[in-house]
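Residue numbers (the numbering used here), protein chains in the order written: chain A, 1 to 361; chain B, 362 to 722. Ideal placement from N, C-alpha and C gives every residue a C-beta, glycine not left out.
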């Protein structure tokens, strides 16, 4: 079976502030080689989609200012495959644009939408899951989200409760649930009915456009005005630069997924982590003999365990008597902070902005 | 009274490894502006001697490779005032060369010899003490060392026990004592008879040469061979480059002061610290509201007290949950270490050498 109508949208506009200062405004998380493998999270996201979607059907949606980084990291892409958002809006405007863009290229398209900054460890299972997902959304008018089999009562993720089964591993969605507290998360995991909301979606271009028209009519009225421009790169960009900044800031989950009634979840188990926190990075990464995660930097440690170091490759860190800390260094900023305090990093970033403006952001 | 025969020798060849990595082999401790005042320790040493010794009589003895740093930091000096040691030997060869050099310029000279990397806080008392010292060594054949009134039972310093008084504040030296243990140090301080050995010396050029001939004849036989070259810069440097590396590695204390019988101590109290450790730097430095020493770097701290930060001026450090640590950053090296472990820093430096050679030293 041909995959020429299959498209991938990689959302690549995030600013990665939870990994500040290792992730900086001018080189956020998705562009960083977190595991010292030589490939950034974006490149890893691209690599794992290549067996499923033709290279020329991969679309990167990013902020205008990150477009040079995308071109640097994915030089094999054509300029036309990079959609440059003139402003940061949430996922709904991003997906609406990408859908209009792809519809103009191929009205029969089906699409996988994926973040650029997650980690997936079992790529063969990933490929199988995505192929199954494409087959499903090609067969019926549906919006499919990927639900990850939970391995722990994580309070940092949203959960999806599954309803009636449709196939072996695809069910109707019963409810979407925001981040639960610890006790509720335990109940969720034990029930077997709840899956982590991965933020990976599949649908035909028709299905998502229909759903957007129905559930986000104000947003789509903007894109309707640009209908004639899609498929004509210059006109399209002119339209986007003029109209996109006026779009509502809203997530696709809130705008569509939680409202539509043709929403399905494919239950998958391919070693997923949204890499949303330093602790998540620590848990995902190989440890050295001292249980430190040193990534690709040089660390000499004494009586120091459970730390995660994120430092530029040629830098040497010598550390003594430090347990369970984040040590992140990025040229002109150094952060030293207990892993247990990582939720406060965004407060630190605010204090830094108050004191020094954008200099260190 | 004229001071035209008064000279100052500033010893400036140390490598400052105890402050690694803030002090690096290519820019050791004495060249660093530790207090963010705009003047390095060397420049502060120079500034405080200017009221006592004519500028053109100040001699800096340094390692050949640090001569450019000396010229950069003290541009008002003539090239001829910088003596470039071709190899690191201890203080006795350094002082012997400086004495021969000065004797050729002025056989009536009297000399103060001082380290370049100590801190003195009460400069008016310093000037008074040094003037008194010069008057003493001008009046009799004597080797005068400065003893600092101890303020705590410090175990990191050598002590001088005073003997028979000669003037108000100058006594014969009874004994030199190496670093004592805690209990002995307490006894020393309580006795009132013991003073810290500052490493600052005064003598006439005749007295020190005579003493060197008597107590370090092997060393002086080297300099005897160069006698004709002193006072002729090119010949002198040619001689030094050839012969100095063969000199014995020995301190002036061990070679002369502990052996001679015309050794005196002037008891002084001018706020001295040899700045030998991070803790000493912490103790000497102004603290912010969180009891952190942040010097001239930018620090935002949360639940963090008693730390000393040594980081390049434009760098921002954000730290949480860290008490009584050293945080020292120097471009390609970061050290994080409890202040209480600072004696281990030299072991860390050894490990770094074993792993990476001189790259990070």
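Counting C-beta pairs with one atom in each stretch, the segment 503–517 of chain B and the segment 529–549 of chain B have three or more that are closer than 8 Å, which means they touch. Around the Cβ of residue 351/A, a 10 Å sphere holds fewer than 16 other Cβ atoms; the residue is exposed.
A direct Cα-to-Cα measurement between residue 232/A and residue 108/A gives close to 18 Å. Contact between the segment 238–250 of chain A and the segment 75–88 of chain A is present: 3 or more CB-CB pairs across the two stretches fall below 8 Å. Per DSSP, the unbroken alpha helix (DSSP H) holding residue 717/B starts and ends at 706–717. With a threshold of 8 Å between beta carbons, residue 319/A makes contact with chain B. Contact note: residue 460/B does not reach chain A at a C-beta cutoff of 7 Å; the least C-beta distance is about 41 Å. Taking 8 Å as the cut-off, the Cβ atoms of residue 576/B and residue 626/B do not count as close. Runs of the alpha helix (DSSP H) lying entirely within the segment 12–84 of chain A and spanning at least 4 residues, in chain order: 41–49, 67–73. Here residue 642/B is not near residue 559/B, since their CB atoms are 8 Å or more apart. The Cβ atoms of residue 568/B and residue 503/B sit closer than 8 Å to each other. Look at residue 535/B here: in three-state DSSP terms it is strand. At a cut-off of 8 Å, the C-beta of residue 694/B has a neighbouring C-beta in chain A. Contact with chain B is found for residue 351/A, since one of that chain's Cβ atoms lies less than 8 Å from the residue's Cβ. By the Cβ criterion, the segment 517–535 of chain B is not in contact with the segment 645–654 of chain B, since fewer than three pairs of Cβ atoms, one from each stretch, lie closer than 8 Å. For residue 398/B, the number of other beta carbons within 10 angstroms of its own is below 16, and it is reported as exposed. Of the residues assessed, residue 500/B falls on the exposed side of the cut-off, its CB having fewer than 16 other CB atoms within 10 angstroms. Ranked by Cα distance from residue 297/A, the options 8/A, 16/A, 22/A are led by 22/A. Considering only 686/B, 719/B, 692/B, the residue with the shortest C-alpha distance to residue 704/B is 686/B.
One thing to note: residue 690/B has its Cβ within 8 Å of the Cβ of residue 334/A.
Counting only Cβ-Cβ distances below 8 Å, residue 675/B has contacts in chain A at 332, in chain order.
Look at the segment 545–576 of chain B and you find these whole runs of beta strand (DSSP E), each 3 residues long or longer: 555–565. By the Cβ criterion, the segment 530–539 of chain B is not in contact with the segment 415–434 of chain B, since fewer than three pairs of Cβ atoms, one from each stretch, lie closer than 8 Å. Against chain A, a Cβ distance below 9 Å from residue 705/B picks out 302, 320.
In this structure, the CA atom of residue 45/A is about 30 Å from the CA atom of residue 242/A. Contact between the segment 113–127 of chain A and the segment 43–62 of chain A is present: three or more C-beta pairs spanning the two stretches fall below 8 Å. Proximity of chain A to residue 702/B at the Cβ level (cut-off 7 Å) is accounted for by 320, 321, in chain order. Counting along the chain, residue 612/B sits inside no alpha helix (DSSP H), nor does DSSP assign it H or E at all.
The Cβ atoms of residue 573/B and residue 460/B sit closer than 8 Å to each other.
Under the 8 Å Cβ criterion, the segment 25–32 of chain A does not count as touching the segment 122–141 of chain A, having fewer than three qualifying pairs. The beta-carbon of residue 387/B is placed no less than 8 Å from the nearest beta-carbon of chain A. Here residue 562/B is not near residue 636/B, since their CB atoms are 8 Å or more apart. If one requires a minimum length of 3 residues, the beta strand (DSSP E) runs lying completely within the segment 597–678 of chain B are 624–629, 659–663, 669–671, in chain order. The shortest CA-to-CA distance from residue 260/A to any of 191/A, 203/A, 223/A is the one to 203/A. Any Cβ of chain A closer than 8 Å to the Cβ of residue 721/B would place that residue at the interface, and such an atom is present. For residue 368/B, no Cβ of chain A is located within less than 8 Å of the residue's own Cβ.
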